[in-house]
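Report on the structure given below.
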Amino acid sequence: MSYARVSSHDKIVFYSLVPPTLFVVLILMTLFLTQLYHSIPIFDVQGLLNTYTVNRWYPTQSPPELWKEPHYGLLPTIWGTIYVSGIAVLLALPLSISLAVFIEELLPRRFRGYMSSLVDLMAGTPTILFGLWGLSFLGPLLKEFFMEPAHEGLGFLPIFSCTPLSGTSILTAGVMLAVMIIPFMVAVIQESYKAIPVTYKEAAWSLGLTRFEYVRLNLSMIVPAIVSAVLLGLGRASSETAAVALVVGNIYALSFCMFSPTHTLTSIIAANFGEVEMYPYMRNALFAGGLFLLTFGMIINAMGIVLLRRIRF
Amino acid sequence: MSKRESKKTYFLRAKMSSIDSRLILGGALVLLVLIGAGIFLLSQPGGSTTTTPVRSPTPTATPTAPATTPTPIITPTPGLTPTPTAAPTTPAASPTPTVLAGGREVKILAAGATFLFPQMDTWAKEFRNKYRNIIIEYSSIGSGAGQARFLEKVVDIGATDPPLTPANLARAKQDPRGVIQMPVVIGAVTIVYNLPMVEGKLKLDGRIIALIYRGEIEKWNDPRIAALNPGAKLPDAPIVAVRRSDASGTTNIFTMFLFKSSEGAWERERVGVQPSWPIDQVAPARARAGRGNEGVAEIVRNTLYSIGYVEYTQAQVARLAMAQVKNAAGRFMDPTPETMMAAAAGAFRFFPANPDDDFNSAWESVVFAPGENSYPITSFSFLLFYKVYPKDKAEVIKEFIRWINTEGQSVMAPGYIPIPEEIRRYNLRWIELIREG
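Protein sequence lines correspond, in order, to chains H and D.
Heads up: the first sequence begins at 80 in my numbering, then just goes up one per residue.
Heads up: the second sequence begins at 60 in my numbering, then just goes up one per residue.
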């Protein structure tokens with residue numbers, strides 16, 4: 080909308096929208112500044128780089144003058160976050176594309192609404208329910224029917240090398256998160272798929288394409304949407320807390336094996352914040368984790384949004 | 060898409076799907092209202108409108124006593140001198156006031172250890188049944204936060220599993236309001252395991268548990284475990300060591316036990332509410348952590364060949380197998396209320412002379428305390444009181460302390476163990492330290 084067309088009445092309406100917008104921006108800024116402000120003490124004590132690159136978590140009540148080496152390294156939790164959400168996105172992507180195409184192309188029209196509503200319902204389900212499901216159903220199931228056979232048959236691969244001992248593991252968390260982010264990814268992909276102009280689709284049909292070729296052509300038109308769905312899914316998966324804390328095992332360890340437990344940035348914050356006052360500087364270390372998560376999430380989401388804007392028909 | 064879709068049907072479909080989602084939304088709304096109404100109706104019988112019978116042994120006051128009766132206020136528990144050899148007064152004999160604070164509504168804020176929450180909740184309800192105008196609100200925020208809020212003086216009662224840390228105690232003592240630390244419930248940690256093939260109870264000692272949690276004992280059929288359990292069918296399977304992911308008083312007691320009983324296998328600096336665990340570096344695949352006692356119990360239940368430690372209450376609720384643990388006298392003890400009370404009674408002699416002395420060494424002595432019949436992983440949870448309260452609150456706090464150490468000890472929440480007689484008497488002595496101001 081160009082300003083030439085804005086009347087004086089409209090101006091009042093538009094100016095009235097400025098404070099709420101500023102308010103939201105302000106809140107976001109304070110969110111960021113809070114994390115930064117509370118992180119700085121730990122950076123002072125053990126260094127910014129050490130905080131993010133050291134594989135050592137040793138809560139201590141002794142003052143920092145006596146620290147011989149950094150006590151609060153976040154590296155395994157950063158790795159855990161990336162590993163778990165990576166698995167989630169890799170699994171969720173083919174499933175989401177399939178589901179979106181299925182709803183749009185194959186499902187009889189009268190069922191589409193129901194199916195979409197069902198997917199929306201999944202998105203709105205409290206995440207802790209997924210956590211409980213992951214802990215008492217998905218975990219034992221995966222252990223019995225995937226982890227153990229995979230370890231026996233393909234144990235030479237580093238990702239399957241450790242003996243699966245429990246249902247709570249990196250893999251379980253990844254699969255559970257995949258299920259949780261599918262609705263969001265489907266929504267993004269489906270919306271773009273729907274937005275492909277009918278004329279394009281008609282043209283495709285008139286060329287005499289098979290259904291497979293037709294779908295592939297359509298999908299090729301919404302690649303940016305698919306990439307942005309991946310990024311949004313990644314953002315969501317890395318920020319999930321309660322459900323992940325239930326199934327990820329919560330062990331402070333850096334492991335490449337999928338059957339091993341780990342901590343994510345969110346789960347280590349959730350696990351430790353309750354009694355943080357018992358240990359000086361642990362609080363600041365957790366805020367440093369929050370700062371990383373916030374920055375990471377902002378970058379991922381920004382990339383997703385920028386890519387989504389690039390779709391123009 | 061078999062047919063080509065015209066623009067018209069395209070929009071129609073969009074409209075249809077929005078109607079469907081509206082239907083579902085409406086349905087969900089109706090469901091929520093129904094659930095809300097159900098919860099409301101269910102909460103009514105147990106709510107504040109009806110009075111449940113007081114289970115205390117001496118029902119001295121009628122719960123529905125009108126607030127207007129101008130009964131003179133009697134100081135509770137007279138005749139107790141603050142010397143350790145004070146003559147015991149039987150709880151039933153002490154006169155109790157029927158109206159506190161002249162019938163004015165008094166709200167007492169308490170906050171701290173999650174372990175104490177069910178017990179404090181029970182006490183608050185029973186106390187309210189006795190004195191209708193007293194409301195005790197407990198927020199379950201954790202021991203560390205409980206100590207911090209107490210020092211900040213934003214609560215009336217603090218609650219914590221370990222006693223005040225030396226630094227916190229120094230701060231509290233400098234304050235003109237002072238501090239009284241009072242052990243009120245026994246907390247015991249049980250070793251639970253998932254070994255369906257083992258008949259009878261598994262026997263373990265501190266050193267073996269420490270080595271399991273270090274990652275050094277890898278399998279159940281390790282000769283060191285077998286030596287304690289002759290004849291048990293121990294599987295040739297890796298041990299999964301389950302622990303708390305959140306910082307917890309339970310972990311504090313457990314690691315203190317490991318430190319004291321393991322003959323050097325567990326370092327002093329690995330004792331705490333959230334210590335560093337050596338197994339993370341050695342064999343992370345054999346370690347797991349769950350949030351809260353429930354989380355640990357759930358993982359142990361779902362994981363074959365696992366071992367974990369949970370609060371006694373939770374082990375009972377979860378119906379998990381509990382190991383017999385070797386005590387300081389060399390006997391393998393079942394976790395039962397009797398063995399825990401025996402441990403608590405045996406620990407009494409370590410208590411300091413004053414309630415604002417450092418309890419830390421006493422608390423450490425309680426874990427793995429001597430005594431033939433003591434369950435070794437036993438400890439206390441503390442309430443923290445000030446010595447000075449505003450007028451009405453002082454009166455209420457005095458009566459509350461008297462009550463929880465007498466009648467209150469017979470209204471324990473399920474699974475909670477009352478403190479032994481000598482500790483109740485010890486606690487009752489501090490009532491007269493509390494004054495108005």
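Every residue gets a Cβ at the ideal spot worked out from N, C-alpha and C, and that includes glycine.
Quick caveat: nothing in here was measured; it's all calculated off a predicted structure.
Does residue i pass the burial test, meaning 16 or more other C-beta atoms within 10 Å, or should it be called exposed?
i	result
Glu370/D	buried
Pro99/H	exposed
Lys86/D	The displayed chain sequence assigns Gly, not Lys, to residue 86/D. With fewer than 16 other Cβ atoms within 10 Å, it is exposed.
Leu178/H	buried
Thr132/H	exposed
Thr430/D	Contrary to the premise, residue 430/D reads as Gly rather than Thr in this sequence. Looking at its Cβ environment, which holds 16 or more other Cβ atoms inside 10 Å, Gly430/D is buried.
Pro435/D	buried
Gln140/H	exposed
Leu372/H	buried
Asp123/H	exposed
Gln233/D	exposed
Thr127/D	Caution applies to Thr127/D, whose pLDDT of 38 falls short of 50 and renders its modelled position unreliable; the value that the coordinates give is listed next. The residue is exposed, with fewer than 16 neighbouring Cβ atoms inside 10 Å.
Lys189/D	buried
Asn280/D	exposed
Ile133/D	Interpretation of Ile133/D is limited by its pLDDT of 37, a score under 50 that renders its predicted location unreliable; no figure is taken from the coordinates.
Ser153/D	Interpretation of Ser153/D is limited by its pLDDT of 49, a score under 50 that renders its predicted location unreliable; the figure taken from the coordinates is listed afterwards. Answer is buried; the Cβ neighbour count reaches 16.
Pro289/D	exposed
Which residue comes first and which comes last in the alpha helix (DSSP H) that contains residue i?
i	result
Lys166/D	Run containing Lys166/D: none in the alpha helix (DSSP H); it sits in the beta strand (DSSP E), 165-171.
Phe93/H	87-95
Arg295/H	290-300
Arg188/H	188-203
Gly405/D	396-406
Gly205/D	202-210
Ala226/D	225-233
Relative to the C-alpha of residue i, which residue among the options is closest?
i	options	result
Thr335/D	Gln125/H, Leu233/H, Tyr137/H	The sequence given here has Ser at residue 335/D, not Thr. Among Gln125/H, Leu233/H, Tyr137/H, the Cα nearest to that of Ser335/D belongs to Tyr137/H.
Trp212/H	Ile301/H, Ala252/H, Ala350/H	Ala252/H
Pro235/D	Asp415/D, Ile463/D, Leu442/D, Glu480/D	Asp415/D
Thr206/H	Phe338/H, Thr320/H, Ala171/H	Thr320/H
Gln375/D	Trp489/D, Pro343/D, Glu357/D	Glu357/D
Ile298/D	Leu317/D, Ala344/D, Ala428/D	Ala344/D
Ser424/D	Ile98/D, Leu210/D, Ala218/D, Met315/D	Met315/D
Glu454/D	Trp182/D, Ile490/D, Gln178/D, Ile482/D	Ile490/D
Ala202/H	Val267/H, Pro359/H, Trp284/H, Tyr279/H	Val267/H
Ser339/H	Glu356/H, Thr374/H, Leu288/H, Leu250/H	Leu250/H
Val426/D	Thr309/D, Met241/D, Phe186/D, Thr224/D	Thr309/D
Looking at the secondary structure, which residues open and close the beta strand (DSSP E) in which residue i lies?
i	result
Ala346/D	346-349
Ser215/H	Counting along the chain, Ser215/H falls outside any beta strand (DSSP E), and DSSP gives it neither H nor E.
Lys273/H	First-last for Lys273/H: 249-274, but that is the alpha helix (DSSP H), not the beta strand (DSSP E).
Arg329/D	Careful: Arg329/D lies outside any beta strand (DSSP E) and carries neither H nor E.
Lys385/D	383-385
Thr219/D	216-219
Ala300/D	299-303
Gly367/D	365-370
Ala247/D	239-252
Look at the Cβ atom of residue i, then the Cβ atom of residue j, and state whether they are nearer than 9 Å.
i	j	result
Ala403/D	Ile478/D	yes
Ala282/H	Ile166/H	no
Val238/D	Lys446/D	yes
Asn361/D	Thr247/H	yes
Arg347/D	Asn380/H	no
Ala204/D	Gly171/D	yes
Leu286/H	Ser317/H	no
Ile200/D	Lys452/D	no
Ile275/H	Met255/H	no
Phe441/D	Thr219/D	yes
Leu172/H	Ile305/H	yes
Ser287/D	Val257/D	For the record, residue 287/D in the displayed sequence is Leu; it is not Ser. Taking 9 Å as the Cβ cut-off, Leu287/D and Val257/D do not qualify as a contacting pair.
Ile482/D	Pro242/D	yes
Ala300/D	Gly367/D	yes
Leu298/H	Tyr272/H	yes
Pro337/D	Arg273/D	yes
Can you check whether the C-beta of residue i is within less than 9 Å of a C-beta belonging to chain A?
i	result
Asn361/D	Included in the structure are the protein chains H and D, with no chain A among them.
Quiz item: Between the segment 235-242 of chain H and the segment 258-273 of chain H, do at least 3 Cβ pairs fall closer than 8 Å?
Solution: no
Practice problem: Flag this pair as touching only if the segment 191-209 of chain D and the segment 377-387 of chain D have three or more C-beta atom pairs under 8 Å; answer yes or no. | Solution: The way I'd put it, the segment 191-209 of chain D doesn't touch the segment 377-387 of chain D; fewer than three beta-carbon pairs between them come closer than 8 Å.
Quiz item: Contact between the segment 292-307 of chain D and the segment 346-362 of chain H: three or more CB pairs below 8 Å?
Solution: yes
Quiz item: Between the segment 456-473 of chain D and the segment 263-272 of chain D, are three or more C-beta pairs nearer than 8 Å?
Solution: no
Quiz item: Are the segment 142-160 of chain H and the segment 326-346 of chain H in contact at 8 Å, needing three or more beta carbon pairs?
Solution: They touch, by the three-pair rule.
Quiz prompt | Cβ contact (3+ pairs, closer than 8 Å) linking the segment 357-366 of chain H and the segment 111-122 of chain H | solution = yes
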